[in-house]
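From first to last, the protein sequence lines are chains E and R.
For the first sequence, my numbering gives the first residue as 50, with consecutive numbering after it.
For the second sequence, my numbering gives the first residue as 50, with consecutive numbering after it.
Here a beta-carbon is modelled for each residue, glycine too, at the ideal position from N, C-alpha and C.
All remarks here apply to the structure that follows.
2 protein chains.
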Amino acid sequence: MEAAILLFDRLTALDAVGPYEVLRQIPGAQVRFVAKELGPKRTDAGSLALMADYALKDISSPDIIVIPGGPGQADLMEDRVILDWIRQIHTTTHWTTSVCTGALILAAAGLLQGLRATTHWLALHVLLLRQLGAEAVSERVVVQGKIITAAGVSAGIDMALTLTALEYGEEVAQAIQLSLEYDPQPPFNAGSPGKAPATIVERVRSRSRFKVPA
Amino acid sequence: MEAAILLFDRLTALDAVGPYEVLRQIPGAQVRFVAKELGPKRTDAGSLALMADYALKDISSPDIIVIPGGPGQADLMEDRVILDWIRQIHTTTHWTTSVCTGALILAAAGLLQGLRATTHWLALHVLLLRQLGAEAVSERVVVQGKIITAAGVSAGIDMALTLTALEYGEEVAQAIQLSLEYDPQPPFNAGSPGKAPATIVERVRSRSRFKVPA
């Protein structure tokens, strides 16, 4: 099994590293980090760089592709080379996936046309407003044929475990979950806008780069 | 606020990136990745490198230190330079923390003497057997004064949110949790040895680098 995870400047690290940590444990897995150009890619806060060991031309037919999100997603949505590459890769993948605002990149590539899809809760309206053809839904992980989209940041872990169970069986997924000791115990029940206090939702929304039109 | 996250070869990426993604969002936070030598550090599977921008000598008094785990932890437990640095840093931190088998490194530095502490479930017996003086407990996040230890891999997210709430208040922690959309929905209830099917526990245990003595 070969998986490729796309890196780019100003990505959100956990969007990429959550799925990586799951997929790398699939028996026989080769996970490769790919970017338009080789080298370190700085994440959104700037204080961490993840290394891309492969350029786009080096990766032609992975079984799984993961598109993470983060502020840099806006640039990728306008990048013809990246979008062409994603469309080409998608023709032969077993699974084409996104985490967080990576769904907007898949949408810009035209791959979410007519499909239910999810993204970070702050960006759901963008998936709709841009008329990219997706039906934006507020769910954690959305499976549509071979396309899987996940909600914000941490949802990539749930997405990758779901994919693993679908493709390699529940026992493989459970063993990986146990090995990551993924028995989450968040100290608060504040992880989604429907659960967090309204004041917290407004605080986070006010800092969002995705403005809700009046 | 200044936080430092230790990197080393053969660390587990999510151990470091989970806390990073939380801590970087604390208002005014500066998160720095530090290693014995500057440059890329390869994670356990080898297919991802995280960049260390700072050497040990560059980091002298962070408010928070995070020690992740991973197979490379065994080398660090024998590394006098690393252990001396951790002990020195610890004298002025507000919080000294570990994720996964990072607790074994803290223990080797002598910092867990007489304290309740946790680590990856596969390594709990090591924390005891090596007579490093800790009382190993099977809990997700253990707070002992200014030392916080977390269970395996994904527990670093819960640890960092707990720390954030203690130091910066519950509202700051909740806003970060919401921004990470950390509303976990694992597809299985298999994230700890007490919850996973016994066959899965045995499968994962049989591959562990930590052998349980007969």
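Contact belief for residue i with residue j at Cβ below 8 Å, rounded distance in angstroms
| i | j | result |
| --- | --- | --- |
| alanine 158 (chain R) | isoleucine 135 (chain R) | 5 Å |
| valine 83 (chain R) | isoleucine 108 (chain R) | 5 Å |
| isoleucine 116 (chain R) | threonine 146 (chain R) | 7 Å |
| proline 242 (chain E) | tryptophan 170 (chain E) | 5 Å |
| alanine 166 (chain E) | threonine 198 (chain E) | 4 Å |
| tyrosine 103 (chain E) | serine 203 (chain R) | Their Cβ separation, rounded to whole angstroms, is 27 Å, which puts tyrosine 103 (chain E) and serine 203 (chain R) out of contact at 8 Å. |
| alanine 52 (chain R) | isoleucine 113 (chain R) | 4 Å |
| proline 233 (chain R) | proline 233 (chain E) | 4 Å |
Nonlocal neighbours in the same chain, by C-beta distance under 8 Å from residue i, ignoring five residues either side
| i | result |
| --- | --- |
| lysine 260 (chain E) | none |
| isoleucine 249 (chain E) | Ala239 |
| lysine 85 (chain E) | Phe57, Ala104, Leu105, Asp128, Val130, Ile131 |
| leucine 45 (chain E) | Coverage of chain E is limited to positions 50 through 263, which leaves residue 45 (chain E) absent and any answer about it impossible. |
| leucine 155 (chain E) | Ile116, Ile135, Thr145, Ser147, Leu161, Ala166, Ile196, Thr198 |
For residue i, the nearest candidate out of the options (CA to CA)
| i | options | result |
| --- | --- | --- |
| leucine 87 (chain E) | E:Met126, E:Val186, E:Ala101 | E:Ala101 |
| valine 221 (chain E) | E:Ile114, E:Gly77, E:Ala166 | E:Gly77 |
| glutamate 184 (chain R) | R:Ser203, R:Pro120, R:Gly163 | R:Gly163 |
| serine 96 (chain E) | E:Asp64, E:Arg59, E:Leu155, E:Ile196 | E:Arg59 |
| glycine 119 (chain E) | E:Lys244, E:Ala245, E:Gly201 | E:Gly201 |
| glutamine 122 (chain E) | E:Leu176, E:Val80, E:Glu251 | E:Leu176 |
| glutamine 180 (chain E) | E:Glu251, E:Leu63, E:Leu160, E:Val80 | E:Leu160 |
| histidine 174 (chain R) | R:Asp124, R:Gln193, R:Gly194, R:Arg254 | R:Arg254 |
| glutamine 79 (chain R) | R:Ile54, R:Ala65, R:Arg256 | R:Ile54 |
| arginine 252 (chain E) | R:Glu251, R:Arg252, R:Gln223 | R:Gln223 |
Beta-carbon proximity list for residue i, same chain, < 7 Å, skipping 5 on both sides
| i | result |
| --- | --- |
| alanine 172 (chain E) | Thr150, Leu153, Phe259 |
| leucine 132 (chain E) | Ala157, Ala158 |
| isoleucine 75 (chain R) | Met50, Thr213, Tyr217, Val221 |
| alanine 247 (chain R) | none |
| threonine 125 (chain E) | Note that residue 125 (chain E) corresponds to leucine in the displayed sequence, not to threonine. Within the same chain, leucine 125 (chain E) has close Cβ partners Phe57, Ile131, Ile154. |
| threonine 61 (chain R) | Thr92, Asp93, Pro117, Gly118, Gly119, Cys149, Val202 |
Sequence-distant residues of the same chain with beta carbon closer than 6 Å to residue i, five excluded per side
| i | result |
| --- | --- |
| leucine 99 (chain R) | Leu56, Lys90 |
| histidine 244 (chain R) | For the record, residue 244 (chain R) in the displayed sequence is lysine; it is not histidine. Contacts found: Asn238. |
| serine 257 (chain R) | Leu171 |
| alanine 65 (chain R) | Ile54, Pro117 |
Residues that residue i contacts on chain B, provided the C-beta gap is smaller than 8 Å
| i | result |
| --- | --- |
| valine 261 (chain R) | The structure shown contains no chain B; the protein chains it does contain are E and R. |
Next on the checklist: Whether or not the region 134-150 of chain R and the region 228-244 of chain R are in contact is what I'm after, with contact meaning three or more pairs of Cβ atoms, one per stretch, closer than 8 Å; do they touch?
Outcome noted: Taking a cut-off of 8 Å for Cβ pairs, the region 228-244 of chain R and the region 134-150 of chain R do not touch, as fewer than three such pairs fall below it.
Checklist entry - Okay, do the region 218-230 of chain R and the region 84-93 of chain E touch, 3+ Cβ pairs below 8 Å being the bar? => result The region 218-230 of chain R is not in contact with the region 84-93 of chain E.
Checklist entry - Can at least three beta-carbon pairs, one atom from the region 207-223 of chain R and one from the region 58-73 of chain R, be found at a separation below 8 Å? => result Contact holds: three or more Cβ-Cβ distances are below 8 Å.
Checklist entry - What residues in the region 207-232 of chain R have a beta carbon less than 8 Å from any beta carbon of chain E? => result If the cut-off is 8 Å between Cβ atoms, the region 207-232 of chain R has Asp207, Leu210, Thr211, Ala214, Glu219, Glu220, Ala222, Gln223, Ala224, Gln226, Leu227, Ser228, Leu229, Glu230, Tyr231, Asp232 near chain E.
Checklist entry - Going along the chain, which residues of the region 95-125 of chain R sit with their C-beta nearer than 8 Å to a C-beta in chain E? => result Result list: Ser96, Leu97, Ala98, Leu99, Met100, Asp102.
Checklist entry - Within the chosen definition, does the region 189-198 of chain E reach the region 216-225 of chain E through at least 3 CB pairs nearer than 8 Å? => result By the C-beta criterion, the region 189-198 of chain E is judged not to be in contact with the region 216-225 of chain E, since fewer than 3 inter-stretch pairs fall below 8 Å.
Next on the checklist: Give me the subset of the region 55-73 of chain R whose CB atoms are less than 8 Å from a CB atom of chain E, sorted by chain position.
Outcome noted: Against chain E - using a Cβ distance shorter than 8 Å - the residues of the region 55-73 of chain R are Thr61, Ala62, Leu63, Val66, Gly67, Tyr69, Glu70, Arg73.
Next on the checklist: Output needed in chain order: residues of the region 188-205 of chain E with a Cβ under 8 Å from some Cβ in chain R.
Outcome noted: Contact annotation: in the region 188-205 of chain E, residues whose CB is within less than 8 Å of a CB in chain R are Arg189, Val190, Ala200, Gly201, Val202, Ser203, Ala204.
Next on the checklist: Beta carbons nearer than 9 Å to chain E: which residues of the region 149-177 of chain R have them?
Outcome noted: Listed in sequence order: Cys149, His169, Trp170, Leu171.
Checklist entry - Between the region 76-90 of chain E and chain R, which residues of the former have a C-beta closer than 9 Å to a C-beta of the latter? => result Answer in chain order: Ala78, Gln79, Val80, Arg81, Phe82, Pro89.
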